[in-house]
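Take 5 as the starting number for the sequence shown in the working numbering and just add one per residue.
Quick reminder that beta carbons are idealized off the backbone N, C-alpha and C, glycines included.
I have placed the structure first, in the form of structure tokens, so that the comments after it can refer back to it.
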Amino acid sequence: MATKQSLHMNPGQGETSYARNSIVQKTEQDRMKNLINEAILGICGLTGTSLPKSMAIADLGCSSGPNALTLVSATVDTIYRHYVQHSQPLPEVSVFLNDLPDNDFNSVATSLATLKHIHEDLADPVVITGMIPGSFYERLFPCGSLHFVCSSNSLHWLSKAPEDLKEGRIPMYDMDEHLRLSRRAVVANAYACQFRKDFTQFLRLRAQELVPGGRMVVSLYGRCSHNPTSKSNQAWQVVTVALNDMASRGIIDKEKLDSFYVPLYAPLENEVNEIINDEGSFVINKMLMRNPFSGMDDALVSPKIIALAIRAVFESTIILHFGSSQEIMDEFAMTVERNLSSRSGWRAVLAAEYPLVLLCLSLTKVI
Ligand SMILES: C[S@@+](CC[C@H](N)C(=O)[O-])C[C@H]1O[C@@H](n2cnc3c(N)ncnc32)[C@H](O)[C@@H]1O
């Protein structure tokens, strides 16, 4: 029996693959390395005495391509450096990569195999690797088995689009501007509620899986509470605006657009804070907020590059709803690119109209 495909980033190594179109996400992963370093030192203790003999780490929402290994490689490096510095025998490290079942795990398996051999210059490095297909909104690991969890650019994906909107036939993005504005608060509220449920569940499950004092470093798209334009703004409008444009030209069906929901929510940083405090299993060591494009030069983030990156992320979601068509996806990428390049100073326009930030959190499980 054929099963319905789930969300996945574009597989393989081709021109439209996530592997080749994820430079913005990779930049965020590189920025997370300092927090990972601090977290590992926190787990090992700063003195070097009674270091754990084995450690288990997991990246949740790893996707495929080079990014799948970035965070776990950095973590293993930090662990080994710490043990070598304290002249301790290396611990056995178990490394797990998780994503939804339709992720390109074939290519993850190939890259994961290389991780076992990166540290061959050191004495007896034992790295045990595993892939864990499944949703991070479900239990993935045995109780008290993990020391460290990381996750980059993933937790803004919800377990599902809000049922209330679907049942009430309230579109995520009304083509009619008047209706869209009048329903904006209802739509935003429904998404915020779904995020609260999902993120609470994520924290509860990870608290069960981590050892006492275990750490997490996670990054997700969010909005800044102090920026008034981000209060009411719908994240990922860049996707719906392009689809709306295509519907108005008859390329996709208008009625289908009305029932299209992107299961994503970019929370205000206050909401994230509040949910973590209400759930109660973790303390926040640090929360950083960054412009996703800061530090990237224009050659790396042109409208074309952004359009390809958006296609690599959203293609499976769009195809699941509108049906598989290379022409529709080519047109989608061209429309996103055209919408961005038609404005002078598109970087400023992007920041003003889609005021997303990347929230990066370092958390410790309360003992
Ligand atoms: C934009 S990619 C980020 C990939 C990689 N971590 C990075 O930073 O480049 C988001 C990933 O989260 C995964 N994802 C979304 N919801 C998930 C869930 N409920 N459980 C596990 N993975 C999920 C997606 O399949 C996708 O591979």
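Environment of Asp-302 [buried if 16+ CB atoms lie within 10 Å] = A residue is called buried once 16 or more other Cβ atoms fall within 10 Å of its Cβ, and Asp-302, having fewer, is exposed.
Using the C-alpha atoms, what's the distance from Gln-241 back to Ile-332?
-> Whole-angstrom Cα-Cα distance: 18 Å.
How big is the Cα-Cα spacing for Pro-3 and Ser-10?
-> For residue 3 there is no data in the structure shown, the boundaries of the chain being 5 and 371.
Which residues in the same chain have their Cβ closer than 7 Å to the Cβ of Tyr-141, if we skip the five residues on either side of it in sequence?
-> Closer than 7 Å at the Cβ level, and outside the excluded window around Tyr-141, lie Ser-163, Asp-202, Gln-205 and Phe-206.
At a cut-off of 8 Å, is Gly-134 close to ligand 1 when judged by its beta-carbon and the heavy atoms of the ligand?
-> Answer for Gly-134: no, Cβ out of range of ligand 1.
Measure the CB-CB distance between Thr-368 and Gly-217 and report whether it falls below 9 Å.
-> The answer is yes: Cβ separation under 9 Å.
Taking Val-28 as part of the alpha helix (DSSP H), name the residues at either end of that continuous run.
-> Per DSSP, the unbroken alpha helix (DSSP H) holding Val-28 starts and ends at 27-35.
Please go through the same chain and pick out, in chain order, the residues whose beta-carbon is closer than 6 Å to the beta-carbon of Leu-185, but skip the five residues on each side of it.
-> Result list for Leu-185: empty, nothing under 6 Å.
So, do the region 120-131 and the region 151-158 have three or more beta carbon pairs nearer to each other than 8 Å?
-> Here the region 120-131 does not lie against the region 151-158, with fewer than 3 beta-carbon pairs under 8 Å apart.
Expressed to the nearest angstrom, what Euclidean distance is found between the alpha-carbon atoms of Thr-31 and Asp-103?
-> Each residue's Cα considered, the two are about 20 Å apart.
Selected residue, minimal CA-CA separation from Met-13, among Ile-323, Pro-359 and Met-338 = With distances taken between Cα atoms, Met-13 lies closest to Ile-323.
For Lys-369, which of helix, strand or coil comes out of DSSP?
-> Three-state result, Lys-369: strand.
Span of the alpha helix (DSSP H) holding Thr-20?
-> Where Thr-20 is concerned, there is no enclosing alpha helix (DSSP H), because DSSP gives it neither an H nor an E.
Compare the C-beta of Leu-116 against all C-beta atoms of chain B and say whether one is closer than 9 Å.
-> Going by chain labels, chain B is absent from the structure shown, which holds only one protein chain.
Nearest residue (CA-CA) to Ala-127, options Gln-92, Gly-148 and Ser-111 | Ranking the options by Cα distance to Ala-127, first place goes to Gln-92.
Rounded C-beta distance between Leu-150 and Ile-256? I'm assuming under 8 Å.
-> In fact, because the Cβ distance is near 43 Å, the residues do not count as touching under 8 Å.
According to DSSP, residues forming a beta bridge with Ala-62 | When beta bridges are read from the DSSP output, Ala-62 appears opposite Phe-100 and Val-153.
Hey, how far is the Cα of Arg-227 from the Cα of Glu-278?
-> Approximately 14 Å between the Cα atoms of the pair.
Spatial distance of Ser-375 from Ile-47 (CA atoms) | No information on residue 375 is available, as it lies outside the stretch 5 to 371 that the chain covers here.
Trp-240 in three-state terms, based on DSSP | Looking at Trp-240 - three-state DSSP - the assignment turns out to be coil, as it is neither helix nor strand.
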